[in-house]
Amino acid sequence: MTDQIRCHYDILSVPRDADAAAVKKAHRKAALKHHPDKTINKPEEERNESATEFKLIQAAYECLSDPLERKWYDEHRDMILRGGMDGNGGAEDGDGSSFIYDVTPFHNAGCYDGYDDDGPSSFYAAYNEVFSQIFQGEQDGYLSEGYIDTEKMTNYHLSEVHFGDSTSNWDDILSFYNTWEGFTSCLSYAWVDVYHLNDIREAPSRRVRRLMEDDNRKKRKAAKKERIEDVAALLRFVKRRDPRVKVQREKALREQALKEADRKREALQKKKDHSLAMEEWRAEAERTMAEQEAADLNAGRVRL
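Mind the numbering: the sequence shown is residues 188 to 491 in our numbering, read in order.
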């Protein structure tokens, strides 16, 4: 991961309230300036710096051009720039929150380098580790709460799918994303309780005790919801940048285009066949009418 995480807005030189058109215009200007074709005759060091900047520009635009991703980024921007919950890319120690693997730093294309299968910092290596750590935290937290059989975890099925690499079968990739899109946490989130056990025991009345317990339940529910949303946002971030998904999407679009072309050809052919059938029907009707008129005329002559 890079030593210093730069703000997407700063990279594109736009204010945080910039609209979509302004973001697009700024991206085009910055991308043209640092495009590899512009520095092909420059010294190697300058080419490398420009290539790095171009990568950051593309990553910034990819985030800010997507309304949902931009919303999440805006809400977590300060934390992202700090590098995570505690500023070091990790969760806080000392309570149950240590089981929450901080995913905030991984909403940044700077956390991986390339898409090689063997690269220790590649896209696949980085996110294999991230999703593995998320589940490991869930499992460790589950065991810390006194449970023994991890197979009874409500999200144990997450351990049965893997992020894989560029050679992974599409069915396995799809299974991974479908499974993680239904992510829910099995942790209790008791560490967010406002009132601890002694506080509740010493409550002056049953009513106050119930209010304390209700407040704790609300805090836990909110913390769990936030965790689920954070993991879901990470998954969207990863899926949008996954080259395997892009290849499959392009394949699906090509197949859809071919099907649409076939449908149009069939519709056109049906229209032509219908027109031809109508012409043949008219011709046949005209022949039949002419024959009938001739027959009537002959019959009239005979009667005369």
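The beta carbon of each residue, even a glycine, is placed where N, CA and C say it ideally should be.
Asked                                                                                                                                                                                          : Found
Out of curiosity, what's the CA-to-CA distance linking Ala-482 and Met-465?                                                                                                                    : 25 Å
If you draw a straight line from the C-alpha of Glu-212 to the C-alpha of Trp-259, how long is it?                                                                                             : According to the sequence as given, residue 212 is Lys; it is not Glu. Those two C-alpha atoms are separated by around 22 Å.
Using three-state DSSP, classify Asn-385 as helix, strand or coil.                                                                                                                             : helix
Once DSSP output is grouped into helix, strand and coil, what is the label at Gln-326?                                                                                                         : helix
Could you name the residues of the same chain whose beta carbon sits closer than 8 Å to that of Thr-354, not counting the 5 residues immediately before and after it, in chain order?          : Asp-304
Does DSSP put Ser-353 in a helix, in a strand, or in coil?                                                                                                                                     : coil
Does the structure place the segment 420 to 438 close enough to the segment 336 to 343 that three or more beta carbon pairs sit under 8 Å?                                                     : no
Over the uninterrupted alpha helix (DSSP H) stretch that includes Ser-285, give me the two end residues.                                                                                       : Premise fails: Ser-285 is in no alpha helix (DSSP H) and is neither H nor E.
Among Arg-393, His-214, Asp-253, which residue has its Cα nearest to the Cα of Asp-197?                                                                                                        : His-214
By DSSP, does Glu-442 sit in helix, in strand, or in coil?                                                                                                                                     : helix
Please go through the same chain and pick out, in chain order, the residues whose beta-carbon is closer than 7 Å to the beta-carbon of Val-379, but skip the five residues on each side of it. : Lys-406, Arg-407, Ala-410
Where does Asp-265 sit, in a helix, a strand or coil, going by DSSP?                                                                                                                           : helix
Counting only beta-carbon atoms, is Ser-308 nearer than 8 Å to chain B?                                                                                                                        : The displayed structure is made up of one protein chain only, and chain B is not part of it.
For the segment 215 to 232 against the segment 240 to 248, are there 3 or more C-beta pairs whose distance is under 8 Å?                                                                       : yes
Is Leu-463 helix, strand or coil when you go by DSSP?                                                                                                                                          : helix
For a test of the three-state rule: what should DSSP assign to Phe-370, helix, strand or coil?                                                                                                 : coil
Determine the direct distance from the alpha carbon of Phe-293 to that of Gly-276, and round the result to whole angstroms.                                                                    : A caution first: Gly-276 carries a pLDDT of 45, below 50, which makes its placement in the model unreliable, though a value can still be read off. Each residue's Cα considered, the two are about 9 Å apart.
To which residues of the same chain is Val-432 closer than 7 Å at the C-beta, ignoring the five residues directly before and after it?                                                         : Lys-426
Which class does Met-340 belong to by DSSP, given the choice of helix, strand or coil?                                                                                                         : coil
Work out the CA separation of Val-210 and His-195 for me, nearest whole Å.                                                                                                                     : 10 Å
So within the segment 229 to 258, which uninterrupted alpha helix (DSSP H) runs reach at least 4 residues, ignoring any that extend past its ends?                                             : 231 to 251
Please classify Arg-193: does DSSP put it in a helix, a strand, or coil?                                                                                                                       : coil
Look at the Cβ atom of Phe-350, then the Cβ atom of Phe-363, and state whether they are nearer than 8 Å.                                                                                       : yes
Are Leu-374 and Gly-333 close, meaning C-beta to C-beta below 8 Å?                                                                                                                             : no
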